[in-house]
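Visitor:
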Amino acid sequence: MYKEVELTELALPEFGLPTIQPVITAELYRERLNHLVERAGAEGYDVFVVYGDKEHFPNLTYLTGYDPRFEESLLVIDIARYGEQKPLLLVGNEGIGYANISPIKDDLEFVLYQSMSLLSQPRGDSRSLADIMHSGGVKSGASVGVAGWKYFNEVETSSPSEWIEIPSYVVDTLRELAGSEGSVVNAGHIFMDATTGLRAINEVEQLAAFEFAETFASQSVRNVLFGVRPGMTELEAGELLRLNGLALAAHVFLASGERAFLGMASPSLNRIEEGDPFTVCCAPWGGLTSRAGFIVERADQLPEDIQDYVEKVVAPYFQAIVAWYEHIGIGVPGGELYDIIHDKIGDPFFGVKLNPGHLIHLDEWVHSPVYKDSKEQLKSGMALQVDVIPGTGTRYYTSNIEDGIALADEDLRAAFAEQYPEAWGRIQARRAFMQDVLGINLKPEVLPFSNIPAYLPPFVLAPQRAMRAL
Numbered sequence: 010m011y012k013e014v015e016l017t018e019l020a021l022p023e024f025g026l027p028t029i030q031p032v033i034t035a036e037l038y039r040e041r042l043n044h045l046v047e048r049a050g051a052e053g054y055d056v057f058v059v060y061g062d063k064e065h066f067p068n069l070t071y072l073t074g075y076d077p078r079f080e081e082s083l084l085v086i087d088i089a090r091y092g093e094q095k096p097l098l099l100v101g102n103e104g105i106g107y108a109n110i111s112p113i114k115d116d117l118e119f120v121l122y123q124s125m126s127l128l129s130q131p132r133g134d135s136r137s138l139a140d141i142m143h144s145g146g147v148k149s150g151a152s153v154g155v156a157g158w159k160y161f162n163e164v165e166t167s168s169p170s171e172w173i174e175i176p177s178y179v180v181d182t183l184r185e186l187a188g189s190e191g192s193v194v195n196a197g198h199i200f201m202d203a204t205t206g207l208r209a210i211n212e213v214e215q216l217a218a219f220e221f222a223e224t225f226a227s228q229s230v231r232n233v234l235f236g237v238r239p240g241m242t243e244l245e246a247g248e249l250l251r252l253n254g255l256a257l258a259a260h261v262f263l264a265s266g267e268r269a270f271l272g273m274a275s276p277s278l279n280r281i282e283e284g285d286p287f288t289v290c291c292a293p294w295g296g297l298t299s300r301a302g303f304i305v306e307r308a309d310q311l312p313e314d315i316q317d318y319v320e321k322v323v324a325p326y327f328q329a330i331v332a333w334y335e336h337i338g339i340g341v342p343g344g345e346l347y348d349i350i351h352d353k354i355g356d357p358f359f360g361v362k363l364n365p366g367h368l369i370h371l372d373e374w375v376h377s378p379v380y381k382d383s384k385e386q387l388k389s390g391m392a393l394q395v396d397v398i399p400g401t402g403t404r405y406y407t408s409n410i411e412d413g414i415a416l417a418d419e420d421l422r423a424a425f426a427e428q429y430p431e432a433w434g435r436i437q438a439r440r441a442f443m444q445d446v447l448g449i450n451l452k453p454e455v456l457p458f459s460n461i462p463a464y465l466p467p468f469v470l471a472p473q474r475a476m477r478a479l
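In this note's numbering, the protein residues as written are 10 to 479.
1) Which one of Ser189, Arg307 and Tyr380 has the shortest CA to CA distance from Ala203?
2) Taking the beta strand (DSSP E) that Arg474 falls in, what are its first and last residues?
3) Using a threshold of 6 Å, is the CB atom of Pro453 nearer than that to any non-hydrogen atom of the ligand MN?
4) Do three or more CB pairs link the region 295-302 to the region 330-340 at distances below 8 Å?
5) Please report the Cβ distance between Ala292 and Ala259, rounded to the nearest whole angstrom; I am assuming they are in contact, meaning their Cβ atoms lie under 8 Å.
6) Measuring CA to CA, which of His376, Thr403 and Gly284 is closest to Asp309?
7) Name the DSSP bridge partner or partners of Thr288?
8) Measure the C-alpha to C-alpha separation of Asp62 and Gly448 and round it to an integer number of angstroms.
9) Would you give the residue range spanned by the alpha helix (DSSP H) that Val46 belongs to?
10) Give me the Cβ distance between Val261 and Ser275, rounded to the nearest whole Å; I'm assuming they're in contact under 8 Å.
11) Suppose the cutoff is 6 Å on Cβ atoms and the five residues either side in sequence are ignored; what does the same chain contact list for Gly150 look like?
12) To the nearest angstrom, how far is it from the Cα of Tyr351 to the Cα of Val361?
13) DSSP three-state call for Asp140: helix, strand or coil?
14) Mind checking which residues open and close the beta strand (DSSP E) that includes Pro457?
15) Would you mind working out which of Glu165, Met125, Ser137 and Pro176 sits nearest Ala156, comparing C-alpha positions?
16) Kindly indicate which three-state DSSP category Pro430 falls into: helix, strand or coil?
17) Who are His367's beta bridge partners in DSSP?
18) For the beta strand (DSSP E) that Tyr380 lies in, which residues bound it at each end?
19) Within this structure, are the beta carbons of Phe57 and Gly146 separated by less than 7 Å?
20) Span of the beta strand (DSSP E) holding Leu84?
21) Count Cβ pairs between the region 125-132 and the region 163-171 that sit closer than 8 Å; are there 3 or more?
22) Please list the segments of the beta strand (DSSP E) lying wholly inside the region 159-232, counting only runs of 3 or more residues, in order along the chain.
23) Just mark Ile29 as buried or exposed, buried being the case when its beta carbon has 16 or more other beta carbons within 10 Å.
24) Distance, Cα to Cα, Leu138 vs Gly188?
25) Can the beta-carbon of Tyr464 be found closer than 7 Å to that of Leu21?
26) Taking C-beta to C-beta, are Pro462 and Met476 nearer than 7 Å?
27) I need the DSSP call for Val361, collapsed to helix, strand or coil.
28) Can you say whether Met273 is buried or exposed, counting buried as having 16 or more other CB atoms within 10 angstroms of its CB?
29) Is the distance from the Cβ of Ser408 to the Cβ of Val322 below 7 Å?
30) I'd like to know whether the C-beta atoms of Glu385 and Gly343 end up nearer to each other than 7 Å.
31) Any idea what DSSP makes of Glu283, helix, strand or coil?
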């Protein structure tokens, strides 16, 4: 199962950058709302409430195209009267204008609720939250489903549906209105379940948007890998990312030396020195690319006790990643991917703690069907993050490949190729590189979105020397 691998000189092609930006249309947003109403109705909800804020926006943005920038927001959908009454979009002072970014703005009723605004901004021009919610269908005896950004299970609490993560003042108001005859429960699974969630399976338009994002994310990381030099500060190295202003799902990570062991540190004036461990990560909405290694050209420039870094860490890690890539596909149970990683690098030395792969969307981590003994099968339309991070906790530091991919059956691939030929050309070039140069044989349904697909140079000052399978 595990191929032999080597570190060698490789030519990484220029896969290019997008000149066309995919768009999620109003029609598609309406379809998503309709799907939510169908699911919510089937589960017995009278009203559905979706919460969003700057950090926790994806469910709301998935439905409306609106993302809160400084404030909280709520979408209130009266399931029984959907089609007769517009969903209510509650926004603060600064959101009332920006909400017009929604392609379905005419299908929504914007409601100014100033308590969602920043402190000291004007108040007093809004109806009470209870009054607004009542007009949205939340009445005595109502069954209300709430979606924020996560949901819970029986390992965490004996009553997971009653745990709701959104602000207490919202939940308190909903429960007061619904009363003892009603119910207000966490329904985040409708969006985020790893195999049945609305955001687990993506339309071709959304996959194209993710390829767009991941292309820029990976190109940014590539720029750093091929441009960083000893003597630069981390902030100077960060300038190599050439960020273009795309909204970010996670902060930029870029750190060296002892700071690299923090894992998620943003760049500072810390000066990058030869021999330092180093990490970099870029994550616009829908894409994330990360790499880690050492600021050296050769193994003999490492401290003597870790000069076997490639043999001890990088080679077995890359063997596991190659096997993961070659096995992933439609119908594959997530537990098999878990086993592939842990059978090779499950030793405590490697310290692999998190799921070896997960769903990605506008948020960097939606959910994961990849866990021990998982029978959940991967499906066409899934966007996934190759995300296996050893945490040795030793001077060996880590090795890391994080890239975005998608799974697409024959019909979805045909639609992608027809509607987005430029992006499809990049995908095919990446597949060819992975197979012909890196020795990774992909199933037809695996679509790599990264401009450094599975490209792993352990010595950052020699980025042209990378791992490949034999």
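No residue lacks a Cβ here, since even glycine has one placed at the ideal position from N, Cα and C.
All figures in this text were calculated on a predicted structure; none of them were measured in a lab.
Guide: So, from the listed chains and residues:
1) The residue you call residue 203 lines up with position 194 of the sequence shown. Closest option to Ala203, Cα to Cα, is Tyr380.
2) Residue mapping note: residue 474 aligns to position 465 of the sequence shown, counting from 1. Start and end: Arg474 to Ala478.
3) Summarising the ligand content, the structure contains no ligands, and the ligand MN is consequently not present.
4) Segments in contact, no.
5) The residue you call residue 292 lines up with position 283 of the sequence shown. The residue you call residue 259 lines up with position 250 of the sequence shown. Yes, Ala292 and Ala259 are in contact; Cβ-Cβ is about 4 Å, under 8 Å.
6) Position 300 of the sequence shown, counted from the start, is the residue given in the question as residue 309. Closest option to Asp309, Cα to Cα, is Gly284.
7) Taking the first residue of the sequence shown as position 1, residue 288 is located at position 279. According to DSSP, Thr288 bridges with Ala264 and Ala301.
8) The sequence position of residue 62 within the sequence shown is 53, counting from 1. The sequence position of residue 448 within the sequence shown is 439, counting from 1. If you take the alpha carbons of Asp62 and Gly448, they lie about 43 Å apart.
9) Residue mapping note: residue 46 aligns to position 37 of the sequence shown, counting from 1. Segment Ala35 to Ala51, the alpha helix (DSSP H) holding Val46.
10) For this step, residue 261 is matched to residue 252 along the sequence shown. For this step, residue 275 is matched to residue 266 along the sequence shown. Confirmed, Cβ separation roughly 6 Å.
11) The residue you call residue 150 lines up with position 141 of the sequence shown. So the qualifying residues of the chain are Glu190 and Gly191.
12) In the sequence shown, the residue the question calls residue 351 occupies position 342. In the sequence shown, the residue the question calls residue 361 occupies position 352. Checking the sequence shown, residue 351 turns out to be His, not Tyr. CA-to-CA, the gap between His351 and Val361 works out to about 8 Å.
13) Position 131 of the sequence shown, counted from the start, is the residue given in the question as residue 140. Residue state, collapsed to three classes: helix.
14) Counted from its first residue, the sequence shown places residue 457 at position 448. Going by DSSP, Pro457 is part of the beta strand (DSSP E) stretching over Val455 to Pro457.
15) By 1-based counting over the sequence shown, the position of residue 156 is 147. Comparing C-alpha distances from Ala156 to each of Glu165, Met125, Ser137 and Pro176 shows the shortest one belongs to Pro176.
16) Looking up residue 430 in the sequence shown gives position 421. Here Pro430 sits in helix by DSSP.
17) The count along the sequence shown starts at 1 and reaches residue 367 at position 358. Residue pairing by DSSP puts His367 in a beta bridge opposite Gln394.
18) By 1-based counting over the sequence shown, the position of residue 380 is 371. It is not in any beta strand (DSSP E) - Tyr380 carries neither H nor E in the DSSP assignment.
19) Start at 1 with the first residue of the sequence shown, and residue 57 comes out as number 48. Start at 1 with the first residue of the sequence shown, and residue 146 comes out as number 137. Their beta carbons are not under 7 Å apart, which means Phe57 does not touch Gly146 by this criterion.
20) For the purposes of this step, residue 84 is identified with residue 75 of the sequence shown, where counting begins at 1. Ser82 to Asp87 is the extent of the beta strand (DSSP E) around Leu84.
21) Contact between the region 125-132 and the region 163-171 is absent, because fewer than three Cβ pairs lie under 8 Å.
22) Entirely contained in the region 159-232, the beta strand (DSSP E) runs reaching 3 residues are, in chain order, 192-195.
23) Residue numbering aside, residue 29 sits at position 20 when the sequence shown is read from its first letter. So Ile29 counts as exposed.
24) The count along the sequence shown starts at 1 and reaches residue 138 at position 129. The count along the sequence shown starts at 1 and reaches residue 188 at position 179. One C-alpha to the other measures close to 16 Å.
25) Counting from one through the sequence shown, the residue named residue 464 turns up at place 455. Counting from one through the sequence shown, the residue named residue 21 turns up at place 12. Yes, Cβ-Cβ distance for Tyr464 and Leu21 is below 7 Å.
26) Along the sequence shown, one-based indexing puts residue 462 at 453. Along the sequence shown, one-based indexing puts residue 476 at 467. No, Cβ-Cβ distance for Pro462 and Met476 is not below 7 Å.
27) Within the sequence shown, residue 361 is the residue found at index 352, counting from 1. Three-state result, Val361: coil.
28) Within the sequence shown, residue 273 is the residue found at index 264, counting from 1. Within 10 angstroms of the beta-carbon of Met273 lie fewer than 16 other beta-carbons, which makes it exposed.
29) As a first step, residue 408 must be located in the sequence shown, where it is residue number 399. As a first step, residue 322 must be located in the sequence shown, where it is residue number 313. Their beta carbons are under 7 Å apart, which means Ser408 touches Val322 by this criterion.
30) Along the sequence shown, one-based indexing puts residue 385 at 376. Along the sequence shown, one-based indexing puts residue 343 at 334. Contact: yes.
31) The residue given as residue 283 occupies position 274 in the sequence shown. If DSSP states are grouped into helix, strand and coil, Glu283 belongs with coil.
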